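Asks: The following block contains the structure, expressed as structure tokens.
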Amino acid sequence: MIEQLAILAPGLLGGSVAMAARARGAARRIVIWARRPEVRDALRSQPWCDAVAETPEEAVRAANLVVLAAPVEKIIELARQIAPALPDGVIVTDVGSVKNRLCRKCRAALPPHARFVGSHPMAGSQKTGWENGSAELFAGRTCFVTPENGADAQAAGIVTDFWRALGGRTVSVTPAQHDEIVANISHLPQALATNLCDLLAQKNPAWREHAGAGLRDTTRIAASDATMWIEIFQQNRDEVLHAIDQFQARLAGLRAAIDHGDWPEVRARLERGKIFRDSLG
Numbered sequence: 001m002i003e004q005l006a007i008l009a010p011g012l013l014g015g016s017v018a019m020a021a022r023a024r025g026a027a028r029r030i031v032i033w034a035r036r037p038e039v040r041d042a043l044r045s046q047p048w049c050d051a052v053a054e055t056p057e058e059a060v061r062a063a064n065l066v067v068l069a070a071p072v073e074k075i076i077e078l079a080r081q082i083a084p085a086l087p088d089g090v091i092v093t094d095v096g097s098v099k100n101r102l103c104r105k106c107r108a109a110l111p112p113h114a115r116f117v118g119s120h121p122m123a124g125s126q127k128t129g130w131e132n133g134s135a136e137l138f139a140g141r142t143c144f145v146t147p148e149n150g151a152d153a154q155a156a157g158i159v160t161d162f163w164r165a166l167g168g169r170t171v172s173v174t175p176a177q178h179d180e181i182v183a184n185i186s187h188l189p190q191a192l193a194t195n196l197c198d199l200l201a202q203k204n205p206a207w208r209e210h211a212g213a214g215l216r217d218t219t220r221i222a223a224s225d226a227t228m229w230i231e232i233f234q235q236n237r238d239e240v241l242h243a244i245d246q247f248q249a250r251l252a253g254l255r256a257a258i259d260h261g262d263w264p265e266v267r268a269r270l271e272r273g274k275i276f277r278d279s280l281g
């Protein structure tokens, strides 16, 4: 059990971390800081919050584990801001969906007596805000833990155990490996869903009245926050571009097969796609 857990900038993920930590007994005391005063006021009445700090520095002064739950670019800023206030032996992690640059910057920002281990729970929603959080958000979901080569094994183990205590299934990869993986399984799907909706938005508005569950299922994530995704695309630009290039090549192949009447090739692609989708459960 973590003696004192500090969560900075609790949106959907950070709020859910606090709820899950309290519900599952993963932390004895939970301290939270939020940027907006009205959010801090609202958090004071929540049963999963033991104290609300007025500043990030105040929130981390007695912490054993700090979770930076801000948007990706703000995570680096917070790491720099709290660095002078971090106690000896504290471990700092995050929930950012891009890791390579973030891990380097955060590790460089912290003092020698603090240890940074990146993490990314593959859990979320198109909804935002701690009000939409859930103590079960991480149950059965993959959580990447991304220690850099030569990182403190004990610190990585504590972060891993923490996410497991919240119900997550942990996977340890390097920050670079993480960014390649999520570019394909998360960032590319977002780009595709968003652009499909962008295309359909140019069509006859009456068409949307005839849309079935297939379109809704395919485009659910297009409702996600645009500002958040701009930051993700910026942070993981090279891997996202590579994933888009690979998809464009596959789409061009499908187009050519349809154009040439190569129905065996079309069938092969459809069947491979079905096999993969069925494997997701």
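Going by UniProt numbering, the first residue of the sequence shown is number 1, and it counts up by one from there. Just so it is clear, CB atoms sit at the ideal spot from N, CA and C, and this is done for glycine as well. Model, not experiment: these values are computed from the prediction.
1. What is the C-beta distance between L110 and L86, in whole angstroms, given that I count them as a contact (C-beta under 8 angstroms)?
2. So the candidates are L241, I30, A268 and S224; which of them puts its Cα closest to the Cα of L254?
3. Just to confirm before moving on: does the CB-CB distance between A26 and A9 stay below 8 angstroms?
4. Put A51 into one of helix, strand or coil per three-state DSSP.
5. Run the CB neighbour count on H120, radius 10 Å, all protein chains shown included, and call it buried at 16 or more, exposed below.
6. Once the 5 residues before and after S134 are set aside, which same chain residues still bring their CB inside 6 angstroms of it?
7. Please report the Cβ distance between residue 327 and A6, rounded to the nearest whole angstrom; I am assuming they are in contact, meaning their Cβ atoms lie under 8 angstroms.
8. When the distance is taken between beta carbons, is T128 closer than 8 angstroms to D225?
9. Out of N184, Q235, L196 and T93, state which residue places its alpha-carbon closest to the alpha-carbon of R220.
10. Going by DSSP, which residues form a beta bridge with L5?
11. Quick one: complete alpha helix (DSSP H) runs, 4+ long, within the segment 173 to 238?
12. How would you write the range of the alpha helix (DSSP H) that D278 sits in, first residue to last?
13. May I ask which residues mark the beginning and end of the alpha helix (DSSP H) holding residue 286?
Replies: The answer reads as follows:
1. Indeed they touch by this definition, with Cβ atoms about 7 angstroms apart.
2. The shortest C-alpha separation from L254 is found at A268.
3. Contact check for A26 against A9 fails: the beta carbons are separated by 8 angstroms or more.
4. Strand, per DSSP.
5. When all chains shown are included, H120 counts as buried.
6. Taken in chain order, the residues that qualify are S16.
7. Outside the shown range of the chain (1 to 281) lies residue 327, about which nothing can therefore be said.
8. Cβ atoms of D225 and T128: closer than 8 angstroms.
9. The option with the nearest alpha carbon to R220 is L196.
10. Paired residues: I30 and L65.
11. List check, alpha helix (DSSP H) in window: 175 to 182, 188 to 201, 213 to 219 and 226 to 235.
12. If you look at D278, you'll find it in the alpha helix (DSSP H) that goes W263 to S279.
13. With the chain running from 1 to 281 in the structure shown, residue 286 is simply not present.
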